[in-house]
Structures are given as C-alpha cells and as structure tokens.
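Number of protein chains: 2
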Amino acid sequence: MRTPTEDRTDAVFHALSDRTRRDILRRLLGGESSVSALAPMYEMSLTAVQKHVNVLERAGLVTKRRRGREALARGDVEAVRSAAHLLRELEELWRGHVSRIDGLVDAGSQEEDDHAGHRHQH
Amino acid sequence: MRTPTEDRTDAVFHALSDRTRRDILRRLLGGESSVSALAPMYEMSLTAVQKHVNVLERAGLVTKRRRGREALARGDVEAVRSAAHLLRELEELWRGHVSRIDGLVDAGSQEEDDHAGHRHQH
DNA sequence: AGAATGTACAACCAGTTGGTTGTAGGTTGT
DNA sequence: ACAACCTACAACCAACTGGTTGTACATTCT
Chain R
1 MRTPTEDRTD AVFHALSDRT RRDILRRLLG GESSVSALAP MYEMSLTAVQ
51 KHVNVLERAG LVTKRRRGRE ALARGDVEAV RSAAHLLREL EELWRGHVSR
101 IDGLVDAGSQ EEDDHAGHRH QH
Chain C
1001 MRTPTEDRTD AVFHALSDRT RRDILRRLLG GESSVSALAP MYEMSLTAVQ
1051 KHVNVLERAG LVTKRRRGRE ALARGDVEAV RSAAHLLREL EELWRGHVSR
1101 IDGLVDAGSQ EEDDHAGHRH QH
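Protein sequence lines correspond, in order, to chains R and C. Note that the working numbering gives residue 30 to position 30 of the first sequence, counting from 1, and the numbers run on in steps of one. Note that the working numbering gives residue 1037 to position 37 of the second sequence, counting from 1, and the numbers run on in steps of one.
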C-alpha cells in the first residue's frame, strides 16, 4: 500500500515516540497554550520546543491558531482517538489468530496451505 | 522523570512509526513465523527484515523463540494493549480539561495550583 | 518612536535510522 | 561428510533527528 493514510500513521507514531513531545501533547490536551509559554517548562531552547510542536502539528495531533503575536496550540483529541483505534485494530488481529486455531480443531487442517499463501504486498 | 517506563514507551511508539514494522507486527499477531519466512514478503533484504523484527522485539511488541535453526517470532498482544492504554490516558487528560472548567464552578480552585505544580521533568 | 515580546526560519552539528553487502556459525537434509 | 538453509553481526552509506545559534520580522507595550 502506498497510501497517504499510512504516511499519516507514520507521522502520528513518530510524533508520539519522543517523551518531550508526549509531555507537550499532554499539556496541550489539558488546555490551549502559546509556544513561548510552553518553552520554559523544558530544558531546551525555545526553537527546539517550536520544532517539537511542529512535529505534533504535522502529525495532526495538535492544531495552531494565531492570536496577535502569539501562536496558540491545542491538542486534538480526535487524532489521539484515531491512533488508539489503530492499536485496537491490531488487537483484533490477534483475536483472529486465536479463533483460527479453534477453527482448525473442528474444521480440519485443509485450509492450512491456503494460510501460507498470504504472499507479499508490494 | 528519568523512568525506564518512558524509555519503553519511546521504543514502542518508535517501533510503530514504520509501516513495514506495523505490517510485520500484524502478521506476527496473526500467528508465529520465522524471520526467513517473513522476509520474502517485503521488497528488501533479509537483513533489513531481521533488523525490523529486532526493533519490534526491543520494544517488547514481539518475542522470539528458537526452534532448531530458525527463529520464530510472534506478536505480544499485551504490549499492544498497554500502548493503547497510554493513548486512552491521553484522551482522559482532555476530559480533565473539560471537567476542570466545570470543577472550578462548584468545587473551588484549591487543588488547581497543586495540579499546576507538574513542572518540568529534567 | 523605540524597546520588548513571540514567532519563524536558515545553517550547522553529532547521533540515529533504514537500508545495503559481506562474512561467519549453527542446524538440517542427502 | 557436505551442501543447503537460517540466523547473526560487522561495516558501510545516505538521509533524517534532535538539538544548537543567529538573523529577521510582526506585534504589543511604554
């Protein structure tokens, strides 16, 4: 699959893979805040915090809005929810694994070869 | 916080941020498989697939077991669940945002300062 | 008008990532 | 014994990350 959806997923999980960004996201889910108000809470330059917020924004986890000279950011819960949904889908795949084994018990092992045919995706 | 828990979380989301790894994880949640059986499904070298599996393993999303000459890997649903749980906690933070506004109305703002004391993380 | 504030962006740097090829070692089948 | 198979790991590479400093520009305050 060469889908833009997968690109978005890459970006979301990448954004979540840094603890500073997770912390920023937590605060921005708790309430709107300007980038400069956010910055003093971390042991790094304002520019670094700006970049983190941008990564979160590109992933769609945060939105920015302009008020005068300040850029107000806030977390987007829907984006977090859809990320959680992706993980739930992974969990369901595992359920499939279990029920397939059950299936083999009372349905015979004929479809086992078919299972191996899960080839590729290119 | 300098917790190893956060290190693990970094690793989990990083592992999930690559579509090839997500695909491998899907298959390994669906059923156990050797690395060499996995490799032909992707347009990259066996070594590259090996590395991806290792990343998933270090994140705890996959476990490996040895049978003769082959390394059988399988997805760990519990790890996926705990990742999903982290996202659910983020969602709740947003609920907190809403209920905090409500809370100020009927409960007073005393514990609000304590909550603000979430300073920093070093 | 001038100083202070808040943001944006370019340039740079060390470390990591995702990929490659090559070499080596243990296990299985003939 | 020997070939085939599966894994492991080192070395290398281009691209990207997370951080820095410096410069520039718009907005607000006095």
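Beta carbons: idealized from backbone N, C-alpha and C, even for Gly. Remember, it's a predicted structure, so these values are computed and weren't measured experimentally.
Mapping DSSP to helix, strand and coil, what is S17 of chain R?
-> Coil.
Taking only beta-carbon positions, decide if G96 of chain R is within less than 8 Å of chain C.
Taking Cβ atoms only, chain C reaches closer than 8 Å to G96 of chain R, which makes this a yes.
When DSSP builds the beta bridges, which residues end up paired with R1069 of chain C? Looking at the DSSP assignment, R1069 of chain C forms no beta bridge with any residue, so it has no partner.
Between the C-alpha atoms of L1046 of chain C and S1017 of chain C, what's the straight-line distance to the nearest angstrom?
In a straight line, the C-alpha of L1046 of chain C is about 20 Å away from that of S1017 of chain C.
Quiz prompt | Cross-strand partners of T1063 of chain C (DSSP beta bridge) | solution = According to DSSP, T1063 of chain C bridges with C:R1074.
Buried/exposed call for G1075 of chain C, threshold 16 Cβ in 10 Å: Around the C-beta of G1075 of chain C, 16 or more other C-beta atoms lie within 10 Å, and the residue is accordingly described as buried.
Which of helix, strand or coil DSSP assigns to V33 of chain R:
This sequence places Ser at residue 33 of chain R; Val is not what is there. Collapsing the DSSP output to three states places S33 of chain R in a strand.
Can you tell me whether DSSP reads G108 of chain R as helix, strand or coil? With a pLDDT of 39 at G108 of chain R, under the threshold of 50, the modelled position of that residue is not reliable, and the figure given next carries that caveat. G108 of chain R: coil per DSSP, three-state reduction.
- Message: Can you tell me where the alpha helix (DSSP H) holding E1057 of chain C begins and where it ends?
- Response: It spans L1046 to R1058 - the alpha helix (DSSP H) in which E1057 of chain C sits, taken as one unbroken run.
*Distance, Cα to Cα, E91 of chain R vs D1023 of chain C?*
Going by the C-alpha atoms only, they are around 13 Å apart.
Next on the checklist: For the structure I just gave you, are there three or more beta carbon pairs, one from the segment 1036–1051 of chain C and one from the segment 47–67 of chain R, closer than 8 Å?
Outcome noted: Contact between the segment 1036–1051 of chain C and the segment 47–67 of chain R is absent, because fewer than three Cβ pairs lie under 8 Å.
Using a Cβ-Cβ distance under 8 Å, would R88 of chain R count as near chain C?
Yes, its Cβ sits closer than 8 Å to a Cβ of chain C.
| Would the beta-carbon of M1015 of chain C fall within 8 Å of that of R1008 of chain C? | At residue 1015 of chain C the sequence reads Ala, which differs from the Met that was named. Taking the C-beta atoms as reference points, R1008 of chain C is found no nearer than 8 Å to A1015 of chain C.
Q.
Does E1043 of chain C come out as helix, strand or coil in the three-state DSSP assignment?
A. The DSSP-derived three-state label of E1043 of chain C is coil.
Rounded to whole angstroms, what is the Cα-Cα separation between H1085 of chain C and E1032 of chain C? The C-alpha of H1085 of chain C lies about 24 Å from the C-alpha of E1032 of chain C.
*asked:* Taking CB distances under 8 Å as the criterion, tell me whether R81 of chain R reaches chain C.
replied: Yes - at least one Cβ of chain C is within 8 Å of the one on R81 of chain R.
- chain C partners of A73 of chain R, CB-CB under 8 Å? The contact set of A73 of chain R on chain C, defined by CB atoms closer than 8 Å, is empty, because the minimum CB distance reaches about 14 Å.
- prompt: Between the C-alpha atoms of A39 of chain R and V77 of chain R, what's the straight-line distance to the nearest angstrom?
  reply: Roughly 22 Å between the two C-alpha positions.
Problem - Closer than 7 Å at the beta carbon, the chain C residues around L16 of chain R - result: Proximity of chain C to L16 of chain R at the Cβ level (cut-off 7 Å) is accounted for by F1013, in chain order.
Outcome for R1069 of chain C when other beta-carbon atoms lying within 10 angstroms are tallied against a minimum of 16
Exposed, because fewer than 16 other Cβ atoms sit within 10 Å of the Cβ of R1069 of chain C.
- Item | Coil, strand or helix - T3 of chain R by DSSP | Residue state, collapsed to three classes: coil.
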